[in-house]
Amino acid sequence: MNFLLTGIETERIHFREIRLADSAEWIHFFEDPASFRYWKEEHTNPKLECARWYEKQQWRYQNNRGGMNALIEKSSGQLIGHAGLVVQTVDDITELEIAYSLMPAFRGRGFASEAAQQCKITAFQNQWAASLISIISVTNTPSIQVATRNGMTIDKKTMYNGNEVYIFRILQEAYLSQQ
Numbered sequence: 004m005n006f007l008l009t010g011i012e013t014e015r016i017h018f019r020e021i022r023l024a025d026s027a028e029w030i031h032f033f034e035d036p037a038s039f040r041y042w043k044e045e046h047t048n049p050k051l052e053c054a055r056w057y058e059k060q061q062w063r064y065q066n067n068r069g070g071m072n073a074l075i076e077k078s079s080g081q082l083i084g085h086a087g088l089v090v091q092t093v094d095d096i097t098e099l100e101i102a103y104s105l106m107p108a109f110r111g112r113g114f115a116s117e118a119a120q121q122c123k124i125t126a127f128q129n130q131w132a133a134s135l136i137s138i139i140s141v142t143n144t145p146s147i148q149v150a151t152r153n154g155m156t157i158d159k160k161t162m163y164n165g166n167e168v169y170i171f172r173i174l175q176e177a178y179l180s181q182q
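To convert, take the position in the sequence shown, counting from 1, and add 3; that gives my numbering.
Dropping the structure here:
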């Protein structure tokens with residue numbers, strides 16, 4: 004199963020597959036130090052990191068591991084970020100993650116919450132998982148707020164790729180009871 008949201012729209016966002024041509028815009032994400040302030044890994048080569056990001060998403064698409072979708076602002080047609088449902092393994096458990104990253108100019112405007120909520124709705128309506136997670140650095144207050152607005156709660160604290168993270172979770176039954 005590919006878990007992509009291709010063609011889905013929210014009030015302000017159109018979801019589509021990521022294209023290699025997007026990397027010319029997405030490199031600005033990798034050039035912004037704020038994009039990685041919550042992660043311990045070093046980021047010194049934006050061009051290489053951007054290329055690897057796109058290669059990884061294409062690998063995910065081809066191997067039914069979900070993947071990020073390009074988020075296109077409907078009013079401007081601009082690429083504003085990436086969001087999607089991504090198969091992740093945390094503490095030897097494979098789960099479906101709601102993931103999101105926004106271009107610097109579009110942070111703090113509700114786009115991450117809008118995209119994350121659509122990811123949740125799509126996953127549960129299609130019965131792709133009994134629960135969904137988000138992997139968030141314990142110091143990333145903005146992403147913690149997005150997860151909370153998405154109805155998620157902290158399930159546990161753990162290490163992921165050398166970073167201390169919270170695993171936020173929402174169960175499908177909790178989502179359905181809110182409807």
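Glycine included, each C-beta is placed from N, C-alpha and C at the ideal position.
Positions of the alpha helix (DSSP H) runs, each at least 4 residues long and wholly inside the segment 16-87, are given as 26-34, 49-65 in order along the chain. Within the model, the alpha-carbon separation for Y178 versus F127 is close to 8 Å. Note on R22: under 16 other CB atoms within 10 angstroms of its CB, so exposed under the neighbour-count rule. With a cutoff of 8 Å on beta-carbon distance, N5 and G69 are scored as near each other. R152: member of the alpha helix (DSSP H) spanning 144-152, first to last residue. At a Cβ-Cβ threshold of 8 Å, A133 and L88 do not count as neighbours. By the Cβ-count criterion, N153 is buried, with 16 or more other Cβ atoms from all chains shown falling within 10 Å of its own Cβ.
When secondary structure is reduced to three states using DSSP, L7 falls in the coil class, being assigned neither helix nor strand.
Collapsing the DSSP output to three states places T125 in a helix.
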